[in-house]
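Each step along the sequence shown adds one to the number in UniProt numbering, with nothing skipped, and position 148 is 148. Yeah, the Cβ is synthetic: ideal placement off N, Cα and C, and Gly gets one too. Just so it is clear, the structure is predicted and the values come from calculations on it, not from any experiment. The structure appears below as structure tokens.
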Amino acid sequence: MEMIAMETPSEFLCPITHGLMREPVRARDGHTYEKLAIERWFAQRATSPLTGSSLESTSVEALPELQMAIRTFAESRRDTDDGQLYFACPFCNADCANRAACKAKYEKQLRSDAAFGAAARRRRWIEGTLLPSAERVLRTGPVSAGALMVGAFSVGAVGAIVGGVASSVAEVVSGGIELAHGLADSLTGASDDEDRPSWARGCFKIASGAVLVPVASASIAAMFALGAAAGSVALATGILKELANAAIHTVRLTSNAIMPPPTTDEA
Ligand SMILES: [Zn+2]
Numbered sequence: 001m002e003m004i005a006m007e008t009p010s011e012f013l014c015p016i017t018h019g020l021m022r023e024p025v026r027a028r029d030g031h032t033y034e035k036l037a038i039e040r041w042f043a044q045r046a047t048s049p050l051t052g053s054s055l056e057s058t059s060v061e062a063l064p065e066l067q068m069a070i071r072t073f074a075e076s077r078r079d080t081d082d083g084q085l086y087f088a089c090p091f092c093n094a095d096c097a098n099r100a101a102c103k104a105k106y107e108k109q110l111r112s113d114a115a116f117g118a119a120a121r122r123r124r125w126i127e128g129t130l131l132p133s134a135e136r137v138l139r140t141g142p143v144s145a146g147a148l149m150v151g152a153f154s155v156g157a158v159g160a161i162v163g164g165v166a167s168s169v170a171e172v173v174s175g176g177i178e179l180a181h182g183l184a185d186s187l188t189g190a191s192d193d194e195d196r197p198s199w200a201r202g203c204f205k206i207a208s209g210a211v212l213v214p215v216a217s218a219s220i221a222a223m224f225a226l227g228a229a230a231g232s233v234a235l236a237t238g239i240l241k242e243l244a245n246a247a248i249h250t251v252r253l254t255s256n257a258i259m260p261p262p263t264t265d266e267a
């Protein structure tokens, strides 16, 4: 009886090990892999081994029917290399004497792969997310803080001036009214008791409205103006720093274009 050469169906082979799958599972990328092989792959990264795209989940789905079909196929090919390999130790792919030792070795490898994967993810996060945003904050910090200071202190200075002028006018007007009432009372000979209008208190109010209030509000406005000036210095420094950074970047790009940096392949 002549043996009919049987081509191994490609759906029986793992794209990672290229051997017959003992425990085929379907990953979220829709492809089928040997369970041990995809487990080790996912311990290091959450991407598809075939497409390279990142996966939402590294969970896998068992495929008992495919497993049975592969097993039947392997039985029929026991005398071939492929068939023998199928029944060998799944951890070392050989006819080894101590599968428990191989399993322990595999599990140790899996843990170290997972640790490596976690370290790689941390590094990617630090380099891809943390450092760029920290750099952005450091770069734009002086500019935004300076702009904020200029804005807030300018508003404060204007507020102090407007408020000062308003209370000064109000004080002078009410002092004038009190003075007029006080003079009228003096002329009509009424007694100058505490509650009655007094020309002396009116004069004092006018003096305070015309001199004390303007001096006080001018001092407050001056303090705000100092804050705004400090903010302008910070703003200017930040803008200059940005310009310097841009200039350095341009020079670096230009010199790279003239003389490209050495590549590691040349060694
Ligand atoms: Zn083994």
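In the three-state DSSP reduction, L50 falls in the coil class, being neither helix nor strand.
Ligand 1 has no heavy atom closer than 7 Å to the beta-carbon of A37. If you measure from each CB to the nearest heavy atom of ligand 1, the residues under 5 Å come out as C89, F91, C92, C96 and C102. Between R28 and E56, the beta carbon gap of about 6 Å places them in contact (Cβ cut-off 8 Å).
Scanning M223, G117, L66 and P214 for the CA closest to the CA of A152 turns up M223. For A27, the secondary structure class from DSSP, reduced to helix, strand or coil, is coil. In this structure N93 touches L85 by the C-beta definition: roughly 6 Å separates them, less than 8 Å. A straight-line Cα-Cα distance of about 11 Å links A134 and E127. Leaving aside the five residues that flank A88 on each side, the residues in its chain whose CB is nearer than 6 Å to its CB run, in chain order, A94 and D95. Less than 8 Å divides the Cβ of Y106 from the Cβ of L36.
With contacts defined as CB atoms closer than 8 Å, K241 and P142 qualify as a contacting pair. With fewer than 16 other beta carbons inside 10 angstroms of its own, M68 counts as exposed. In this structure E34 does not touch P49 by the C-beta definition: roughly 11 Å separates them, more than the 8 Å allowed. L131 carries a helical assignment under DSSP once its states are collapsed to helix, strand and coil. Counting C-beta atoms within 10 angstroms of its own C-beta, I70 has 16 or more neighbours from the protein chains shown and is therefore classed as buried. For T32, the secondary structure class from DSSP, reduced to helix, strand or coil, is strand. Assigned with DSSP and collapsed to three states, E242 falls in helix. Shown here for L183: same chain residues with a beta carbon closer than 7 Å to its own, the five before and five after excluded, namely W199 in chain order.
Residue environment for G52: exposed (fewer than 16 other C-beta atoms within 10 angstroms of its C-beta).
For M21, there is no enclosing alpha helix (DSSP H), as DSSP marks it with neither H nor E.
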